[in-house]
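Report on one structure; see the data block that follows.
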Amino acid sequence: MNFKNFKIDLSNKNKDLIPQILTVLFIVLVIIYFTINAQNNMGNRGISFGFGFLTQESSFDITFSLIDYDGSHSYAKAFLVGLLNTILVSVIGIFFATILGVTVGISRLSQNYLISKAAEWYVEIFRNIPLILQIFFWYFAALRALPLTIDSINFYDISFLNVKGWYVPRFVWTNFSLFAYSLIVAIVLIIFTSKYAKKQRDEFGKQIPVLYISLGILFGLPFLTFLIGGVSLSFQIPELTQLSKTIYVYQGGVTIIPELISLALALSMYTATFIAENVRAGILGVNKGQKEAAASIGLTKGQILKLVVMPQALRIIIPPTTNQYLNLTKNSSLAAAIAYPDIVLVFAGTALMQTGRAIEIISITMLTYLSLSLSISVFMNWYNKKMAIKEK
Amino acid sequence: MKINLIKPNKENLNTFVTIGSIIILVGFFDFLANTFLGVNFTGFLPAGLSYFTPIILGVVGLHLIRIEFSGNRLLDKINTNFNSSNFNAFLSLLVIFVLIKYIPALLNWFIFDADFAGNTKQDCTSGGACWVFVKVWLNRFVYGMYPDTEQWRINTAFLMLFALVGASFFASVKVKKYLLIFLLFVYPIIGLKLISGGDFGLEYIETGAWGGLSLTFIVSAFALILCFPIGMFLALGRRSNLPAIRYSSIGFIELWRGVPLITVLFMSAVMFPMFLPDGTYVDKLIRVLVAITLFEAAYMAEVIRGGLQALPKGQYEAAKSLGMGYWRMHFLIVLPQALKLVIPGIANTFLALVKDTPLIFVVGLLELAGMVNLAKTNPEWLGMAMEGYVFAGLVFWVVCYAMSRYSQNLEKKLSTER
Chain A
-1 MNFKNFKIDL
9 SNKNKDLIPQ
19 ILTVLFIVLV
29 IIYFTINAQN
39 NMGNRGISFG
49 FGFLTQESSF
59 DITFSLIDYD
69 GSHSYAKAFL
79 VGLLNTILVS
89 VIGIFFATIL
99 GVTVGISRLS
109 QNYLISKAAE
119 WYVEIFRNIP
129 LILQIFFWYF
139 AALRALPLTI
149 DSINFYDISF
159 LNVKGWYVPR
169 FVWTNFSLFA
179 YSLIVAIVLI
189 IFTSKYAKKQ
199 RDEFGKQIPV
209 LYISLGILFG
219 LPFLTFLIGG
229 VSLSFQIPEL
239 TQLSKTIYVY
249 QGGVTIIPEL
259 ISLALALSMY
269 TATFIAENVR
279 AGILGVNKGQ
289 KEAAASIGLT
299 KGQILKLVVM
309 PQALRIIIPP
319 TTNQYLNLTK
329 NSSLAAAIAY
339 PDIVLVFAGT
349 ALMQTGRAIE
359 IISITMLTYL
369 SLSLSISVFM
379 NWYNKKMAIK
389 EK
Chain B
97 MKINLIKPNK
107 ENLNTFVTIG
117 SIIILVGFFD
127 FLANTFLGVN
137 FTGFLPAGLS
147 YFTPIILGVV
157 GLHLIRIEFS
167 GNRLLDKINT
177 NFNSSNFNAF
187 LSLLVIFVLI
197 KYIPALLNWF
207 IFDADFAGNT
217 KQDCTSGGAC
227 WVFVKVWLNR
237 FVYGMYPDTE
247 QWRINTAFLM
257 LFALVGASFF
267 ASVKVKKYLL
277 IFLLFVYPII
287 GLKLISGGDF
297 GLEYIETGAW
307 GGLSLTFIVS
317 AFALILCFPI
327 GMFLALGRRS
337 NLPAIRYSSI
347 GFIELWRGVP
357 LITVLFMSAV
367 MFPMFLPDGT
377 YVDKLIRVLV
387 AITLFEAAYM
397 AEVIRGGLQA
407 LPKGQYEAAK
417 SLGMGYWRMH
427 FLIVLPQALK
437 LVIPGIANTF
447 LALVKDTPLI
457 FVVGLLELAG
467 MVNLAKTNPE
477 WLGMAMEGYV
487 FAGLVFWVVC
497 YAMSRYSQNL
507 EKKLSTER
C-alpha cells in the first residue's frame, strides 16, 4: 500500500464522518436546549418533573366507561378508562370498516354497471370529505334529528333508539367463565383439526370437510355447556321509566352513547373507502392466467377463489389494510372533538387541564399511540416475511 | 307449441321478452304507486310478501328476458350489464328502487323545497334546507373573523397566487423556472405579509382573527410547500449509508407517523411552549404550521422512499459511472424518476393534508369546519347544523376531488410508458 492511497482512504472516511458528527451534535444540542428550558420553566412554576401524580385522586367523572370508575379513582385509572374507550371504538370501527370495505371493493369489480358505479361513487364521496366533518355531521346533524326519549324508535320492543343514545339488551350470564373456557377449547380444537386435515390432504390426498367440522365444534362445545354445565344466559331489556312529569329514561340494558355511534359510523365509513380500494387493487393484481391455469387443472370455482386467487390477493391486500387499521385507531383520537371520552379527551384534555403536567401527560399519550403503531408494524413485517413469495 | 318457462331460449325470444317486460313493468308500477301515491295494490298478500312484490316481480321478469346472444343489441346490453344472473338482477333492482325512493326526497330538501331568500332564520318556512344560513354566514365561512374592510388583502393575495400559477402554466420553460422560484420562495413572504399586515401602512391583524376557508387554504398551501423538501431530505436520509443520519431519519419518521395529528397539535399548543425560554411567544398559527408540516413531511418521506426503492439499481450505477457525486446523482437522475413513480402517493399525502386542516380547532383556530361549528351555536341560528356541514362537506369535496383528478391527469401526462 502506498502512501497516496492511504491518504485518499482517510479523506473518504472523514467525508463520511463529518456529516454524521454534525447531525448527532445538532440533535444533542437541541435536546439539551429544550431540557434546560423545560427545567427552568417548571422551576418557575414550582412543579417538578415526575409521574407521581398518576396515583393521585382524579376527582373528575367520565361519561362512558367500560370499567368501574368515578372521581375517587386515580389518574392512572382514568388513563385506563380512556385507553379502553379508544380500543373499543377502534375495534368496532375496524370490524365494520372491514365488512363494508370488502363489500364495496368487490362491488367495484362487479359486472353489474349499477353496482360498480354505486360503489365507485361511495368511495369518491366519502374519501374526499374530511373525517372530522363526517364525525360532526353524524353527531351534530344526523343523530340530533332522532326523536326524544318518549317517542323512541322501537326495534321489536327489545332495543330503542333516540337522541340520547341506543338502548340494547344486557346479557346476564351465569357461569360465564365455563362458557369462555369452552370457546377457547373449541378454537384450539379447530386449529388442530385444520392442521390434521392439511396433513391428510398433503400426504394422502384425502379431503376432509374442515369448514363443517369447525362450525360444529365452534357451536357444539359452547352449546354443551348450556345443557350440562349450568351456563345460562338471559337478557335484561331496557324499560322506559318515568323519573318526573316530563323526564323519561330507559333503565336496565346497555346504553350506547351517541358519541360512540357517530364516531364508529364516521370512522368505519371513511376507512371503508380506503379498504375498498385496497381490496380492488388486490383482486385486480392477481394475474388472469392464474385463474385460467387453476380452471384448466379442474378446480371448481370455489376452490379457485379459495386456493388460488385469495392467497395471492391477500398478499397484496393485507399490508395496506393493516395500515388503514392503524390509521383508524389513530383517527379515533378525533373523538376529542365531540367529547367521546377517549384517551386524548380524558387524559390529554381533562387530566392535563387539572394537573398542568403538560410534558408528562403528552408524552404518555404519544407513547401509547407510538407503541400501538410500532407493535402493529412489527406484526406487519412478520406477516410480510411469512407471506412473501418463496422463490427458489 | 310447448314453452318451458323456467329456461328462456332464443327460439321463443319474442314471447319471453314480452312476458318478461310486462312482469317487470307491473313490478315498477307497483313500486311507483307505493312510493308516490301511497297505494298498495298488493295489499291482499301477507305483509312480508306484499312489501317485496316489486323486487320479486322484477327478478322473475328479468329472469325471463335473460337470453344470451339474442341478436337484439339493447337486450344483450341490458343482460350483460345489469342482468347477468338472478343475484345481479336482484341487486340492480335494489339499487334502482333505492335511487327512485330517496333521490327525489334528497333533491327536494337540497333544492326544490329549500329557502334561499331572506336574512333571518324566520325566513326559512318551506321545510327544506335553509341556505339563508349559509348565505348570511358566507363572509365568516370564507374569511373568519378577519375585519370586513380589510378583506381585500386576502382576496389580493389569493388572486396573485392564481395569477402566478396560471402564468406558470402558459409561460415558456425559461420563464417558468423563475416564476416557480418566485412562487416558492418570494410569494409566501409577500402573501403572508399582505394578510398579516403591520408594515407599509397596513393594519396589523392577529392570526386569531384569521379563519374560514381562506385559513384552510393558507395552512394547506404553506404545509404543502414546506413538507415536500423536508420529506425529500428525510427519505434520502433514511436510505443513506451513514448510520447516524439513517437512524435519526428513521427515528424522526417513525415518531411522527406513530402518533395522531391531534396529539401533535396538542403538543404544539401546551407542551412546546415549555421547551422555549420563559417569555418567548411563538404565534399560534406558526406553531400549528410547523406541527402539520413536520407531521406530513414524515408521511411524504415514506412515499418518496417508495419511489427511490422502486427505481432500478442500474440508474444509480449508470449515474455513478458518469462520475456524478451523491447530490448530482440524486437531483439529476434519481429523484426526477422516483418522484414521477410516486405521484399518486404524493397526491394522496397532499389530500390527507388538506383533509387534516380542520383539526387546527384544537388550538382555537377556526377554519371552515370550525366556523360552521361556531355559527351553528349562535342563538339566532340554532338547528342549522345540517346545512352548515353539508355546505362545508361540499366545499371540501370539490377541492379534494379536483385535486385527485388533477393528480390522475398528471400521472398520465408524465407517464413515459408507451
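Protein sequences appear in the order of chains A and B. Under our numbering, the first residue of the first sequence carries the number -1, and numbering increases by one thereafter. Under our numbering, the first residue of the second sequence carries the number 97, and numbering increases by one thereafter. We put the beta carbon where it would ideally sit given N, CA and C, even for glycine.
query	result
Cβ contact (3+ pairs, closer than 8 Å) linking the segment 319 to 334 of chain A and the segment 128 to 136 of chain A	yes
Assumed close pair E392 (chain B), L449 (chain B) - CB separation to whole angstroms, cut-off 8 Å	5 Å
Reduced DSSP secondary structure (H/G/I, E/B, other) of Y137 (chain A)	helix
Cβ shell of L470 (chain B) (< 7 Å), same chain only, five flanking positions each side left out	L462
Burial state of Y395 (chain B), where buried means 16 or more other Cβ atoms lie within 10 Å	buried
Residue-level contact to chain B via CB, L112 (chain A), 8 Å cutoff	yes
Option nearest G134 (chain A) by Cα separation, candidates B:Q504, B:L431, B:L257, B:Y485	Note on residue identity: the sequence assigns Phe, not Gly, to residue 134 (chain A). The option with the nearest alpha carbon to F134 (chain A) is B:Y485.
Interface flag, G305 (chain B) vs chain A, CB-CB below 8 Å	Here the sequence assigns Ala to residue 305 (chain B), which means Gly is not the residue at that position. No, A305 (chain B) lies away from the interface with chain A (no Cβ there is under 8 Å from its Cβ).
Bridge partner(s) assigned by DSSP for L478 (chain B)	Paired residues: none, contrary to the question.
Start-to-end residues for the alpha helix (DSSP H) that takes in Y165 (chain A)	It is not in any alpha helix (DSSP H) - Y165 (chain A) instead sits in the beta strand (DSSP E) that spans 163 to 166.
Neighbour list for T363 (chain A) in chain B, Cβ cutoff strictly below 7 Å	T359
For P169 (chain A), three-class secondary structure by DSSP	Rather than Pro, the amino acid found at residue 169 (chain A) in this sequence is Phe. Reduced to three states, the DSSP call for F169 (chain A) is strand.
is_contact[S88 (chain A), chain B] using C-beta, thresh 8 Å	no
C-alpha distance - A340 (chain B) paired with G327 (chain B), whole-angstrom precision	18 Å
Bounding residues of the beta strand (DSSP E) (the contiguous stretch that carries T253 (chain A))	252 to 254
Test item: CB-CB of G163 (chain A) and I255 (chain A) under 8 Å	yes
Residues near L107 (chain A) in its chain [Cβ-Cβ closer than 8 Å; skip 5 each side]	S114, R278, I281, L282
Contacts that C496 (chain B) makes with chain A (C-beta to C-beta distance below 7 Å)	N126
Burial state of I30 (chain A) (16 or more Cβ within 10 Å)	exposed
Reduced DSSP secondary structure (H/G/I, E/B, other) of L231 (chain A)	strand
Contact check, I429 (chain B) vs A415 (chain B), beta carbons under 8 Å	yes
Opening and closing residue of the alpha helix (DSSP H) in which V360 (chain B) lies	357 to 362
Start-end ranges of the alpha helix (DSSP H) lying completely within the segment 203 to 242 of chain B, minimum 4 residues	227 to 239
Where the beta strand (DSSP E) through F153 (chain A) begins and ends	151 to 153
Test: P309 (chain A) CB closer than 8 Å to a CB of chain B	no
T21 (chain A) at chain B interface by Cβ criterion, 8 Å	yes
Beta-carbon neighbours of D374 (chain B), restricted to chain A and to distances below 9 Å	N35, N38, N39, N42
N276 (chain A) - DSSP class collapsed to helix/strand/coil	helix
Own chain partners of I456 (chain B) with C-beta closer than 6 Å, once the 5 adjacent residues on each side are dropped	V384
Where F366 (chain A) falls, given that 16 or more other Cβ within 10 Å makes a residue buried	Note on residue identity: the sequence assigns Thr, not Phe, to residue 366 (chain A). T366 (chain A) comes out buried.
Within-8 Å CB hit, L98 (chain A) to chain B	no
CB contact below 8 Å: N382 (chain A) versus chain B	no
Three-way DSSP call (helix, strand, coil) for P104 (chain B) in this model	coil
Sequence-distant residues of its chain with Cβ nearer than 8 Å to L141 (chain A) (five each side left out)	V161, P256, I259, S260
Cut-off 6 Å between Cβ atoms - residues of its own chain near G38 (chain B), not counting five sequence neighbours on either side	This structure cannot settle anything about residue 38 (chain B), because the visible part of chain B is limited to 97 through 514.
Which of helix, strand or coil DSSP assigns to L407 (chain B)	coil
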